[in-house]
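What follows is a short report on a single structure.
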Amino acid sequence: MKNKKIIIICLIMIILAIVISLGVKLYLNKDLENQRQKLQETQEKYGWVEKETVDVLVAKFNTEIVDSSSLNPASTDYLTEDNNQYWYGLIDGIYLVVVPEKYTGDKSTEIVDYTLLYVDKTSKYESDAISYIKHLIKANNSNITDNEIDSLLQEAKVKSTSGETANNGKGISIGYIEKNDSYQFQVLRSYK
Numbered sequence: 079m080k081n082k083k084i085i086i087i088c089l090i091m092i093i094l095a096i097v098i099s100l101g102v103k104l105y106l107n108k109d110l111e112n113q114r115q116k117l118q119e120t121q122e123k124y125g126w127v128e129k130e131t132v133d134v135l136v137a138k139f140n141t142e143i144v145d146s147s148s149l150n151p152a153s154t155d156y157l158t159e160d161n162n163q164y165w166y167g168l169i170d171g172i173y174l175v176v177v178p179e180k181y182t183g184d185k186s187t188e189i190v191d192y193t194l195l196y197v198d199k200t201s202k203y204e205s206d207a208i209s210y211i212k213h214l215i216k217a218n219n220s221n222i223t224d225n226e227i228d229s230l231l232q233e234a235k236v237k238s239t240s241g242e243t244a245n246n247g248k249g250i251s252i253g254y255i256e257k258n259d260s261y262q263f264q265v266l267r268s269y270k
C-alpha cells in the first residue's frame with residue numbers, strides 16, 4: 079500500500095513537472111515572438127543601415143567632403159584616440175568623432191556605434207560646421223536627400239530640449255547637444 083502511494087505521488091510530481099515545463103516553454107516562446115514583433119516594428123519605424131567599420135565610414139565621409147566641397151577631409155595625421163573614441167581634427171575647433179560599438183584599437187574591424195561633429199563655438203571656422211554635418215549625415219546614409227537633412231537638423235535642435243533625437247525612418251537619428259562653449263550634432267546608427 080505504501081509503495082502504491084509513493085508511486086502515485088511520484089507520477090503526479092512527474093506529470094506536474096512536465097506541465098510546468100511546457101507552460102514555461104510556451105510562455106518563453108510567446109515572449110520571444112513578441113520581442114521579434116517589437117524589433118520588426120522598430121525597424122519599420124526607424125529604418126536601418128548596414129554595419130560599417132570606422133575606416134569605411136571615415137572613407138565615405140572623406141569622399142563626400144572631397145567630391146562636393148573644399149572643406150578639409152578627416153586625416154589620420156590629425157587623429158587622436160581618447161576615451162575609446164576616434165577624434166579627427168578637421169579644422170581648428172571642429173572635430174569628427176567616431177565611436178565604435180566595442181573599442182579594440184583596430185579601425186578596420188570596429189563597427190561604428192555613432193558619429194558626431196564636435197564644434198567649439200569660439201572657432202573662427204564655426205560657419206563650416208553645418209556643411210560638415212550635412213556631409214557626415216550623407217556618409218551615414220547616402221539615400222537621404224538634402225531637404226531631409228535640413229529637416230532632420232532643425233528637428234534635432236527642437237527635440238534637444240527633451241533629450242530626443244530626430245528620425246525620418248532611414249536608419250539614422252540625429253541628436254543635438256549644446257553647452258556654453260561647444261555643441262555637437264550626433265548621427266546615431268540603427269542596425270538590423
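Take the working numbering: the final residue in the sequence shown is number 270, and no numbers are missing along the way. We put the beta carbon where it would ideally sit given N, CA and C, even for glycine.
Taking residue 149 as the centre and dropping the five residues before and after it, the same chain places the C-beta of 143, 168, 169, 206, 209, 210, 213 closer than 8 Å to its C-beta, in chain order. Distance from the CA atom of residue 187 to the CA atom of residue 256, rounded to whole angstroms, is 31 Å. Closest option to residue 223, judged by alpha-carbon separation, among 241, 246, 173: 246. The C-alpha of residue 139 lies about 8 Å from the C-alpha of residue 216. Contiguous beta strand (DSSP E) elements confined to the segment 194 to 239 do not occur, taking only those with 3 or more residues.
The alpha-carbon of residue 160 is positioned some 30 Å away from that of residue 228. Proximity to residue 218 across 251, 154, 241 peaks at 251, based on C-alpha coordinates.
DSSP, reduced to helix, strand and coil, places residue 181 outside both helices and strands of the structure shown, so it counts as coil. Residue pairing by DSSP puts residue 263 in a beta bridge opposite 195, 254. Under the DSSP assignment, residue 143 falls in the alpha helix (DSSP H) whose first and last residues are 132 to 146. Relative to the Cα of residue 239, the nearest Cα in the group 254, 261, 165 belongs to 254.
For residue 156, there is no enclosing beta strand (DSSP E), since its DSSP letter is neither H nor E. The C-alpha of residue 95 is placed about 59 Å away from the C-alpha of residue 158. For residue 166 against residue 156, the beta-carbon gap comes to about 6 Å, under 8 Å, which counts as contact. Distance from the CA of residue 266 to the CA of residue 130, rounded to the nearest whole angstrom, comes to 12 Å. Here residue 127 is near residue 269, since their CB atoms are less than 8 Å apart. Take the alpha-carbon of residue 195 and the one of residue 172: they are about 7 Å apart. Between residue 185 and residue 132, the beta carbon gap of about 4 Å places them in contact (Cβ cut-off 8 Å).
The beta carbon of residue 244 lies closer than 7 Å to those of 230, 233, 234, 237, 251, 252 in the same chain, with the five residues before and after it left out. The continuous beta strand (DSSP E) containing residue 167 extends over residues 163 to 169.
By the Cβ neighbour-count rule, residue 249 is buried, with 16 or more other Cβ atoms within 10 Å of its own.
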